[in-house]
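**Student:** Residue numbers (this note's numbering): 168 to 381.
Each residue gets a CB set at the ideal place from its N, CA and C atoms; glycine is no exception.
All figures in this text were calculated on a predicted structure; none of them were measured in a lab.
Encoded as C-alpha coordinates, here's the structure I'll be asking about.
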(Lines of atoms letter the chains of each structure in order from A; the text may use other names.)
(Lines give C-alpha, C1' and ligand atoms only; values in the text may rest on other atoms or scores of the structure.)
Protein backbone atom coordinates (compact mmCIF):
# COMPACT_ATOMS: atom_id res chain seq x y z
CA UNK A 168 0.00 0.00 0.00
CA UNK A 169 1.34 3.37 -1.04
CA UNK A 170 1.36 6.71 0.75
CA UNK A 171 -0.88 9.75 0.57
CA UNK A 172 -1.17 11.61 -2.77
CA UNK A 173 0.50 8.92 -4.91
CA UNK A 174 -0.66 5.68 -6.58
CA UNK A 175 0.03 1.98 -6.63
CA UNK A 176 2.11 2.41 -9.81
CA UNK A 177 4.62 4.62 -7.99
CA UNK A 178 7.53 2.19 -7.82
CA UNK A 179 7.56 -0.51 -10.54
CA UNK A 180 11.18 -1.33 -9.72
CA UNK A 181 10.02 -2.76 -6.42
CA UNK A 182 7.59 -5.12 -8.12
CA UNK A 183 10.18 -6.22 -10.68
CA UNK A 184 12.64 -7.18 -7.98
CA UNK A 185 10.00 -9.18 -6.14
CA UNK A 186 8.84 -10.91 -9.33
CA UNK A 187 12.41 -11.91 -10.16
CA UNK A 188 12.63 -13.43 -6.67
CA UNK A 189 9.47 -15.44 -7.32
CA UNK A 190 7.23 -13.26 -5.16
CA UNK A 191 3.89 -12.07 -6.56
CA UNK A 192 2.62 -8.63 -5.55
CA UNK A 193 -0.88 -7.28 -5.16
CA UNK A 194 -0.75 -3.46 -5.02
CA UNK A 195 -3.89 -1.50 -4.19
CA UNK A 196 -4.75 2.18 -4.32
CA UNK A 197 -5.68 3.84 -1.07
CA UNK A 198 -9.23 5.26 -0.91
CA UNK A 199 -9.36 8.50 -2.90
CA UNK A 200 -6.21 7.69 -4.85
CA UNK A 201 -5.28 6.30 -8.24
CA UNK A 202 -8.13 4.48 -9.94
CA UNK A 203 -10.61 5.74 -7.34
CA UNK A 204 -9.47 9.32 -7.40
CA UNK A 205 -11.06 11.83 -5.05
CA UNK A 206 -8.70 14.78 -4.56
CA UNK A 207 -10.48 15.88 -1.39
CA UNK A 208 -9.53 12.62 0.29
CA UNK A 209 -5.85 13.29 -0.33
CA UNK A 210 -5.81 16.25 2.07
CA UNK A 211 -3.68 15.76 5.20
CA UNK A 212 -6.78 16.04 7.38
CA UNK A 213 -8.21 12.96 5.64
CA UNK A 214 -5.25 10.68 6.35
CA UNK A 215 -6.64 8.69 9.27
CA UNK A 216 -10.04 8.35 7.61
CA UNK A 217 -8.31 6.92 4.55
CA UNK A 218 -6.26 4.60 6.76
CA UNK A 219 -9.40 3.44 8.58
CA UNK A 220 -11.21 2.65 5.32
CA UNK A 221 -8.20 0.84 3.86
CA UNK A 222 -7.89 -1.36 6.93
CA UNK A 223 -11.54 -2.32 6.52
CA UNK A 224 -11.01 -3.26 2.88
CA UNK A 225 -7.96 -5.48 3.27
CA UNK A 226 -9.78 -8.69 4.14
CA UNK A 227 -11.88 -8.44 0.95
CA UNK A 228 -8.69 -8.02 -1.09
CA UNK A 229 -7.23 -11.17 0.46
CA UNK A 230 -10.51 -13.05 -0.06
CA UNK A 231 -10.47 -12.15 -3.76
CA UNK A 232 -6.91 -13.42 -4.06
CA UNK A 233 -7.88 -16.66 -2.33
CA UNK A 234 -10.92 -17.06 -4.59
CA UNK A 235 -8.71 -16.94 -7.67
CA UNK A 236 -7.09 -20.21 -6.61
CA UNK A 237 -3.74 -19.08 -7.98
CA UNK A 238 -2.08 -18.61 -4.62
CA UNK A 239 -3.40 -21.58 -2.66
CA UNK A 240 -0.93 -22.63 -0.01
CA UNK A 241 1.33 -19.63 -0.52
CA UNK A 242 2.65 -17.62 2.39
CA UNK A 243 1.80 -13.94 2.31
CA UNK A 244 3.17 -10.70 3.66
CA UNK A 245 1.53 -7.35 4.29
CA UNK A 246 3.35 -4.13 3.50
CA UNK A 247 2.92 -0.41 3.14
CA UNK A 248 4.69 2.92 3.13
CA UNK A 249 3.73 6.11 4.95
CA UNK A 250 -0.10 6.14 5.18
CA UNK A 251 -0.17 2.68 3.63
CA UNK A 252 2.22 1.52 6.32
CA UNK A 253 -0.06 2.96 8.98
CA UNK A 254 -2.90 0.87 7.55
CA UNK A 255 -0.69 -2.22 7.57
CA UNK A 256 0.24 -1.73 11.22
CA UNK A 257 -3.36 -1.23 12.27
CA UNK A 258 -4.37 -4.43 10.48
CA UNK A 259 -1.56 -6.33 12.19
CA UNK A 260 -2.93 -5.39 15.61
CA UNK A 261 -6.03 -7.48 14.81
CA UNK A 262 -6.30 -11.22 14.18
CA UNK A 263 -4.84 -11.99 10.74
CA UNK A 264 -3.24 -14.69 8.61
CA UNK A 265 -0.17 -12.86 7.29
CA UNK A 266 3.24 -14.53 7.58
CA UNK A 267 5.46 -11.43 7.50
CA UNK A 268 5.24 -7.65 7.29
CA UNK A 269 7.27 -4.77 5.85
CA UNK A 270 6.67 -1.07 6.41
CA UNK A 271 8.57 2.01 5.28
CA UNK A 272 8.66 5.61 6.50
CA UNK A 273 5.61 5.11 8.67
CA UNK A 274 4.72 5.03 12.35
CA UNK A 275 2.94 2.82 14.81
CA UNK A 276 2.97 5.46 17.53
CA UNK A 277 0.63 8.15 16.30
CA UNK A 278 0.87 10.56 19.21
CA UNK A 279 4.12 11.77 17.65
CA UNK A 280 1.92 13.23 14.88
CA UNK A 281 -0.34 15.31 17.14
CA UNK A 282 1.12 18.57 15.81
CA UNK A 283 0.16 17.66 12.23
CA UNK A 284 -3.11 18.20 10.36
CA UNK A 285 -3.66 14.44 10.10
CA UNK A 286 -4.16 14.06 13.87
CA UNK A 287 -7.68 12.96 14.80
CA UNK A 288 -7.97 12.20 18.51
CA UNK A 289 -10.93 9.83 18.19
CA UNK A 290 -9.35 7.76 15.45
CA UNK A 291 -6.00 7.75 17.25
CA UNK A 292 -7.71 6.36 20.34
CA UNK A 293 -9.43 3.69 18.27
CA UNK A 294 -6.53 2.58 16.06
CA UNK A 295 -3.12 3.76 17.33
CA UNK A 296 -1.10 0.55 16.87
CA UNK A 297 1.15 0.94 19.92
CA UNK A 298 -1.94 1.04 22.12
CA UNK A 299 -3.47 -2.10 20.60
CA UNK A 300 -0.69 -4.67 20.65
CA UNK A 301 -2.65 -7.25 22.65
CA UNK A 302 -3.61 -9.02 19.40
CA UNK A 303 -0.23 -8.54 17.68
CA UNK A 304 0.87 -11.94 16.39
CA UNK A 305 4.59 -12.50 16.17
CA UNK A 306 5.72 -12.70 12.53
CA UNK A 307 8.97 -11.59 10.83
CA UNK A 308 8.80 -7.82 10.68
CA UNK A 309 10.95 -5.25 8.89
CA UNK A 310 10.64 -1.47 9.25
CA UNK A 311 12.73 0.96 7.20
CA UNK A 312 12.99 4.66 7.99
CA UNK A 313 15.02 7.78 7.29
CA UNK A 314 16.76 9.34 10.28
CA UNK A 315 15.88 12.86 9.14
CA UNK A 316 12.28 12.19 8.05
CA UNK A 317 10.51 15.56 8.21
CA UNK A 318 6.98 14.18 8.11
CA UNK A 319 7.12 11.09 10.33
CA UNK A 320 9.79 11.37 13.05
CA UNK A 321 11.95 8.30 13.35
CA UNK A 322 11.66 8.36 17.14
CA UNK A 323 7.94 7.58 16.94
CA UNK A 324 8.59 4.47 14.88
CA UNK A 325 11.51 3.53 17.10
CA UNK A 326 9.17 3.65 20.10
CA UNK A 327 6.74 1.35 18.30
CA UNK A 328 9.42 -1.13 17.24
CA UNK A 329 10.77 -1.23 20.80
CA UNK A 330 7.27 -2.00 22.08
CA UNK A 331 6.85 -4.85 19.59
CA UNK A 332 10.26 -6.26 20.48
CA UNK A 333 9.45 -6.09 24.20
CA UNK A 334 6.49 -8.42 23.66
CA UNK A 335 8.29 -10.79 21.30
CA UNK A 336 9.48 -14.29 22.06
CA UNK A 337 12.00 -13.81 19.24
CA UNK A 338 12.87 -10.10 19.27
CA UNK A 339 15.57 -10.70 16.66
CA UNK A 340 12.76 -11.24 14.12
CA UNK A 341 11.73 -7.61 14.56
CA UNK A 342 14.11 -5.61 12.36
CA UNK A 343 14.47 -1.84 12.19
CA UNK A 344 16.84 -0.29 9.69
CA UNK A 345 17.38 3.47 9.68
CA UNK A 346 19.15 5.27 6.83
CA UNK A 347 21.07 8.48 7.33
CA UNK A 348 20.36 11.48 5.05
CA UNK A 349 19.40 10.08 1.65
CA UNK A 350 18.47 13.13 -0.42
CA UNK A 351 14.85 11.97 -0.72
CA UNK A 352 12.19 14.72 -0.76
CA UNK A 353 11.58 15.71 2.87
CA UNK A 354 13.68 12.62 3.72
CA UNK A 355 10.32 10.86 3.58
CA UNK A 356 9.30 10.14 -0.01
CA UNK A 357 11.42 7.09 -0.74
CA UNK A 358 15.05 6.58 0.17
CA UNK A 359 16.83 8.80 -2.34
CA UNK A 360 20.29 7.50 -3.16
CA UNK A 361 19.63 4.51 -0.89
CA UNK A 362 16.50 3.44 -2.79
CA UNK A 363 18.19 0.47 -4.45
CA UNK A 364 19.55 -0.76 -1.14
CA UNK A 365 16.09 -0.46 0.43
CA UNK A 366 14.48 -2.48 -2.37
CA UNK A 367 17.13 -5.18 -2.15
CA UNK A 368 16.80 -5.30 1.64
CA UNK A 369 13.03 -5.77 1.39
CA UNK A 370 13.34 -8.42 -1.32
CA UNK A 371 15.89 -10.39 0.70
CA UNK A 372 13.75 -10.15 3.82
CA UNK A 373 10.62 -11.39 2.05
CA UNK A 374 12.52 -14.15 0.27
CA UNK A 375 13.67 -15.48 3.65
CA UNK A 376 10.40 -14.90 5.47
CA UNK A 377 8.12 -16.44 2.85
CA UNK A 378 10.31 -19.43 2.05
CA UNK A 379 8.62 -22.81 2.37
CA UNK A 380 10.47 -24.42 5.27
CA UNK A 381 8.35 -27.53 5.51
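#1: How many angstroms separate the CA atom of residue 270 from the CA atom of residue 261?
#2: Quick check on residue 334: buried or exposed, where buried means 16 or more other Cβ atoms within 10 Å of its Cβ?
#3: Just curious, the beta strand (DSSP E) that residue 365 is in, first and last residue?
#4: Please report the distance separating the alpha-carbon of residue 372 from that of residue 309.
#5: Are residue 376 and residue 320 touching if we call contact CB-CB under 8 Å?
#6: With contact counted as at least three CB pairs below 8 Å, one residue from each stretch, are the segment 225-242 and the segment 205-217 in contact?
#7: So, at 7 Å on beta carbons, what are the nonlocal neighbours of residue 302 in its own chain, with the 5 sequence-adjacent residues on each side left out?
#8: Closest to residue 329 by C-alpha separation, out of 370, 344 and 352, would be which residue?
#9: Kindly confirm or deny that the segment 215-229 and the segment 275-294 touch, where touching means at least three C-beta pairs closer than 8 Å.
#10: In this structure, how does DSSP classify residue 230 when only helix, strand and coil are distinguished?
#11: Which class does residue 271 belong to by DSSP, given the choice of helix, strand or coil?
#12: DSSP state of residue 253, grouped into three classes?
#13: Using the Cβ count rule (16 or more neighbours within 10 Å means buried), how would you classify residue 238?
#14: What is the residue span of the alpha helix (DSSP H) that residue 294 lies within?
#15: Check residue 225 in the structure and name its three-state DSSP category.
**Tutor:** Reading it off the structure:
#1: 17 Å
#2: exposed
#3: Here residue 365 belongs to no beta strand (DSSP E); instead the alpha helix (DSSP H) covers 362-376.
#4: Looking at the two C-alpha atoms, the distance is approximately 8 Å.
#5: no
#6: no
#7: Contacts found: 260, 261 and 262.
#8: 344
#9: yes
#10: helix
#11: strand
#12: helix
#13: exposed
#14: 288-294
#15: In this structure, residue 225 counts as helix in the three-state DSSP scheme.
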